[in-house]
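Protein chains in written order, with the numbering used here: chain R, 164 to 454; chain Y, 164 to 454.
We treat Cβ as the ideally placed atom computed from N, Cα and C, and that holds for glycine.
Because the structure is a prediction, the values reported are computed rather than measured.
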DNA sequence: TGGTATGATAACTATAAGTTATTATACGGA
DNA sequence: TCCGTATAATAACTTATAGTTATCATACCA
């Protein structure tokens, strides 16, 4: 019992005519005869009554017609669903986005991607409990948005944007008019950082360490907004990606000397077969330029 | 996209192994490989990830697996349904049963048939508006239970039972002790008959006519019970099949001379393909002896 | 009653499903 | 780290079957 046989049977039933069905299906009439006979042989009774001029369904044929139509409809529905996946009008994937990147790189990326692929869904994992790299390695997510480079010989990666890290000072700070600042100039300033575990914290502390300075950490938080507000209030200075803070009242941004950059990119597991939606996202990111 | 391909895909997905699936399906492993490749080719993307030791579903494969399983389940359900029709554990047909036969031949027949084929259903058409013969000719029903013979060259028929028609008299009637009765003896008795359109009425009136007697019809009814009650009350005499009245108070049954018989049988349209359930009924009736 | 339409049948062809033999590769144990 | 095993892919070939053309039998309509 074959899908093709069902299709032939349904067509003959509807047209009540073998020859017409053959024409509609673009095959010869004997092929239809053979197929229907095979089906009837297999079932053990007649489905069609050919004694009259018109081909009519037997009682059993009527029952079988309904079943066959249902199966064919589901077959077509399944094909259409898969075509949607193929056409990227359906699909979803999982992406890990750490808080820092979720705050300012991801929204733009997401919005632009959605404009191109409105039907594709992504599930965002922003949990701070595992790093994005681990989530990708464990295949809990298909791709991760991270600060590059890490030691990622086992993962593919793609750079999205390189952002300069700038010093954030209260506007009325004595250093706020300098064209650039060095870590030496900042050694006595209390600083506001992300909590332990955030990549940006580590990068800043590593820079201080390079200059053999032990900074005074006024406060740690996992909230981007909190950092900005605390800087504005004069609690301390901070370091943030240049574009993450457009215009904030009472906060001045000054580049470091030498310049300090933060590379952000996408990572995924090589060899692992990704959802088409995720491949589309990777390709999209490839062409994406962060504004 | 073929049922067989779906079956292979589902088996491989469940066993996570091409070779094991091939063994289970009793075909060679390359046949499975080819089939899965064909499916993937057609859909335009991979369903299975063979990069690991175990064969794993891709995201699209997971979606397709559900759809494929559903289609296969419905295919099997359809086959099982048709097997039930074949095995006569499912099925139904339509039968015309005129009121007279519905009252005493049919109940026995129906009960015995149901004992042999408890899952088969029959829809009984007992409407007096069309005759059973017409209902069979128009294919409103598959078979009819009728008084034979009629002029039925266009229909197949099968005799079920031949019943003697007896005179029904009140027990205190002067003729109630006769061993048999002739129409001559009954010419002045008021008679109670079925309504116009009932076969038995016509048979009785035809018999009177043969003897050139115009009987006095006291009353006509379409109710079997009414006839019996009216005879018991002495309103008139009547004529009924011998076995239709077992023992009724105040009613005596006396054979006619010469004997008058009523042949009852089943009719159906030749060439017309009947439901298997109906064929089973015809075969059953063939072996049936009316008690 | 003869012509047309239609399904069945027979013989043949083409397609595709399946087979065996073999290769490439990933994984696990020593 | 390397070898042996398990497993999927590939190639070449065979078989099964779906489809074709040609033709016949039959039912219906004018």
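Would you verify that the beta carbon of residue i is, or is not, closer than 9 Å to some beta carbon of chain R?
i: residue 255(Y); result: yes
i: residue 367(Y); result: no
i: residue 221(Y); result: yes
i: residue 249(Y); result: yes
i: residue 199(Y); result: no
i: residue 427(Y); result: no
i: residue 226(Y); result: yes
Counting C-beta neighbours from all protein chains within 10 Å, is the total for residue i 16 or more, i.e. buried, or is it exposed?
i: residue 227(Y); result: buried
i: residue 305(R); result: buried
i: residue 329(Y); result: buried
i: residue 254(R); result: buried
i: residue 404(Y); result: buried
i: residue 342(R); result: exposed
i: residue 325(Y); result: exposed
i: residue 333(R); result: buried
i: residue 410(R); result: exposed
Taking only the alpha-carbon atoms, compute the straight-line gap between residue i and residue j and give it to the nearest angstrom.
i: residue 289(Y); j: residue 347(Y); result: 35 Å
i: residue 248(Y); j: residue 184(R); result: 27 Å
i: residue 399(R); j: residue 377(R); result: 15 Å
i: residue 381(Y); j: residue 262(Y); result: 21 Å
i: residue 420(Y); j: residue 358(Y); result: 25 Å
i: residue 439(R); j: residue 252(Y); result: 48 Å
i: residue 176(Y); j: residue 402(R); result: 51 Å
i: residue 416(R); j: residue 223(Y); result: 47 Å
i: residue 204(R); j: residue 256(Y); result: 22 Å
i: residue 335(R); j: residue 374(R); result: 26 Å
i: residue 277(R); j: residue 266(R); result: 17 Å
i: residue 201(R); j: residue 364(Y); result: 52 Å
i: residue 161(Y); j: residue 368(Y); result: Residue coverage of chain Y in this structure runs from 164 to 454, which leaves residue 161(Y) outside it and unanswerable.
i: residue 272(R); j: residue 250(R); result: 21 Å
i: residue 391(R); j: residue 260(R); result: 21 Å
i: residue 264(R); j: residue 187(Y); result: 50 Å
What residue range does the beta strand (DSSP E) around residue i cover?
i: residue 416(R); result: 414 to 431
i: residue 286(Y); result: 284 to 288
i: residue 380(R); result: 379 to 384
i: residue 402(R); result: 401 to 404
i: residue 356(Y); result: 353 to 357
Quick one: give me the first and last residue of the alpha helix (DSSP H) that residue i is part of.
i: residue 200(R); result: 192 to 206
i: residue 188(R); result: 181 to 188
i: residue 256(Y); result: No alpha helix (DSSP H) contains residue 256(Y), which is instead part of the beta strand (DSSP E) from 255 to 259.
i: residue 173(Y); result: 166 to 178
i: residue 316(R); result: Careful: residue 316(R) lies outside any alpha helix (DSSP H) and carries neither H nor E.
i: residue 362(Y); result: 362 to 373
i: residue 279(R); result: 269 to 279
i: residue 235(R); result: 222 to 249
i: residue 439(Y); result: 439 to 450
i: residue 393(Y); result: 387 to 395
i: residue 298(Y); result: 295 to 300
Report, in whole angstroms, the separation of the C-beta atoms of residue i and residue j, which I expect to be a contact under 8 Å.
i: residue 287(Y); j: residue 246(Y); result: Actually they do not touch by this definition, with Cβ atoms about 27 Å apart.
i: residue 283(R); j: residue 299(R); result: Rounded, the Cβ-Cβ distance is 19 Å, inconsistent with contact.
i: residue 428(Y); j: residue 338(Y); result: Wrong, their Cβ atoms sit about 32 Å apart, outside the cutoff.
i: residue 430(R); j: residue 349(R); result: Going by Cβ atoms, the distance from residue 430(R) to residue 349(R) rounds to 32 Å, so no, they are not a contact pair.
i: residue 181(R); j: residue 192(R); result: 6 Å
i: residue 214(R); j: residue 434(Y); result: 5 Å
i: residue 220(Y); j: residue 210(Y); result: 7 Å
i: residue 296(Y); j: residue 232(Y); result: The pair is not a contact, with the Cβ atoms about 51 Å apart (cut-off 8 Å).
i: residue 310(Y); j: residue 426(Y); result: 7 Å
i: residue 370(Y); j: residue 423(Y); result: 6 Å
i: residue 235(Y); j: residue 170(Y); result: 6 Å
Shorter than 9 Å from the beta carbon of residue i to some beta carbon of chain Y?
i: residue 237(R); result: yes
i: residue 167(R); result: yes
i: residue 342(R); result: no
i: residue 303(R); result: no
i: residue 435(R); result: yes
i: residue 439(R); result: yes
i: residue 285(R); result: no
i: residue 307(R); result: no
i: residue 234(R); result: yes
i: residue 181(R); result: no
i: residue 208(R); result: yes
i: residue 446(R); result: no
i: residue 389(R); result: no
i: residue 194(R); result: no
Say yes only if the C-beta of residue i is nearer than 8 Å to one or more non-hydrogen atoms of the ligand PLP, and no if none qualify.
i: residue 408(R); result: Looking at this structure, you won't find the ligand PLP or any other ligand, since it has none at all.
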